[in-house]
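The sequence shown maps to residues 0 to 359 in numbering that gives the first Met the number 0. No residue lacks a Cβ here, since even glycine has one placed at the ideal position from N, Cα and C.
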Amino acid sequence: MLTATGMMLTPAWLLSAPSTNALKILILGGTNFVGPNIVKECLRRKHQVTLLNRGTSNPGLFPKLELIKCDRNLGFQDIAALQNRQWDVVIDVWPEAPSLVRQATTFFKDKAQHYIYISSIAVYKDYKTIGLNENAPIYNGSETNPNNGYSVNKSICERIVAEVFPNQHSILRPHAIVGTHNPDDAFHFWIVRMHRGGELVAPGSGNDYMQLVDVQDVARWTIECADKRQMGIYNLVGPQEQITFKEFLETCKKTINSNATIHWASEAFLRSNQVYSWDDMPLWAPLSEDPGFTQISSDKLKKLGFHYTNLEDTIKIALKWFTEHYPNDYKFGKRYNSAGIAAEREAALIAKWKESQGKK
């Protein structure tokens, strides 16, 4: 694989050996963000893949694969292609609605031997605790409550999967997922800003920790679970070694060979100027707010020998994908629900920060 600068990359997920036994795998979804990466990993390992989705998101992405068109909101009972079929594994990529997970697990209970559900570290109740592992308390709630938020719904979905597929399920809890096909701006904001160079504002002292996970690692562990029947719950949190936000941005700068000048604006200054963590400053979760949010434990996975993709490779691959799919003048912080700070606001903020520090 070539980067935008012509460098050859070998992502970590290409280094794991293909499977010797082909599995029949049904992927619910498969053409948006996490799904395509899981599909590619399945195909690399020579598994037999069937997709089940509406056929509306990136419909031409995998033209050679069997596609069963289905709107999950309408149920599975009337889909002829699902009748009298068996799969080794069902992979459920996206839903947070308990009703959809209840419906799917119930329907496929007698049609599959293994159910893999992509959940989230959002299920944990208390981010004040450092080193949260898979046994830490998670949210609870009523399956029928329409007012549940994302975190509660994800935890309920986990409970449903474990209930319907006892001893036959894998639940993955990723941190912020980044990489190819990513529709979110959070990671792109930092690497593209660094690529564009100039002066940029960074949050706090730089000593806050940060965590994320390459989507290719999510895909690789998902299929490891399928291949090796790794049951149970797993935090999917990278990078391999704990890093600070300053180390993250310095790695971005070095990897991209950027000429950017970084201004580390204090947390108090940012707050006084209505600059918010995670939204305006993507992926930043200050230790003063929730110290455990960026110190989630990945010990369980590491003890099984799992190695995360090098951050440098994640940066290069994500930047290449972004430059191939977005316009050169793409503006961050300008559209609904986009992460990052708009260029004009950033420039004004830098000028104000310099003035507060007695700099020109």
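Identify every residue that forms a DSSP beta bridge with residue i.
i    : result
L27  : L51, D91
I176 : V212
S276 : M280
K68  : N52
P202 : A264
S169 : I115, G231
G140 : Bridge partners of G140: none, in fact.
W86  : A111
G237 : L211
I242 : M209
Counting only the same chain and skipping the five closest in sequence on each side, list residues whose C-beta sits under 7 angstroms from that of residue i.
i    : result
V139 : It should be noted that the sequence gives Asn, not Val, for residue 139. Only S154 meet the Cβ criterion.
Q338 : The question names Gln, yet the displayed sequence has Ala at residue 338. Excluding residues within five positions, the ones whose Cβ falls inside 7 angstroms are D183, D184, A185, F188, D278, P281.
G5   : With a pLDDT of only 37 at G5, under 50, the local geometry of the prediction cannot be trusted, and the value read off the model is given with reservation. Contacts found: none.
I176 : V33, V212, V214, V217
K110 : R84, Q85, W86
To the nearest angstrom, report how far apart residue i and residue j are at their CA atoms.
i    : j    : result
V38  : I26  : 8 angstroms
R195 : A259 : 8 angstroms
L310 : M193 : 15 angstroms
K63  : N166 : 33 angstroms
D328 : N272 : 26 angstroms
L171 : S355 : 45 angstroms
D312 : Q215 : 11 angstroms
K108 : P326 : 45 angstroms
L248 : D207 : 12 angstroms
I261 : K45  : 45 angstroms
V33  : T308 : 16 angstroms
T30  : P58  : 7 angstroms
V92  : L99  : 12 angstroms
T199 : E65  : In the sequence as presented, Thr is not what sits at residue 199; that position holds Leu. If I take the Cα positions, the gap works out to 47 angstroms.
V88  : C224 : 10 angstroms
L131 : A121 : 12 angstroms
T105 : A346 : 54 angstroms
L22  : Q47  : 6 angstroms
L42  : L60  : 13 angstroms
Tell me where the alpha helix (DSSP H) around residue i begins and ends.
i    : result
N152 : 149 to 163
G34  : 33 to 43
H262 : Run containing H262: none in the alpha helix (DSSP H); it sits in the beta strand (DSSP E), 260 to 264.
A350 : 342 to 355
E323 : 310 to 324
A185 : 185 to 195
L22  : Looking at the DSSP string, L22 is not in any alpha helix (DSSP H), and its letter there is neither H nor E.
D298 : 298 to 302
Who are the Cβ neighbours of residue i in its own chain at under 8 angstroms, not counting the five residues just before and after it?
i    : result
L303 : Q229
E266 : P202, G203, S204, P285, S287
E343 : none
Kindly list the residues whose CB is nearer than 6 angstroms to the CB of residue i, restricted to its own chain and excluding five residues on each side of it in sequence; keep chain order.
i    : result
I67  : L51, A80
A218 : N36, I37, E40
P136 : K124
I78  : C69
E142 : P97, I155
H113 : V88, Q167
I255 : M193, H194
Where do the N-terminal and C-terminal ends of the beta strand (DSSP E) with residue i fall, by residue?
i    : result
T128 : T128 -> no beta strand (DSSP E), and no H or E assigned at all.
Does the contact criterion of 3 or more C-beta pairs under 8 angstroms hold for the stretch 302 to 321 versus the stretch 156 to 170? These segments do not touch.
Is it true that the stretch 202 to 212 meets the stretch 139 to 153, where meeting means three or more beta-carbon pairs spaced less than 8 angstroms apart? Touching, no.
Three or more C-beta pairs under 8 angstroms: does that hold for the stretch 320 to 327 against the stretch 228 to 248? Short answer: they don't touch.
Contact between the stretch 288 to 307 and the stretch 236 to 254 (3+ Cβ pairs under 8 angstroms): In short, these stretches touch, since the Cβ pair count reaches three.
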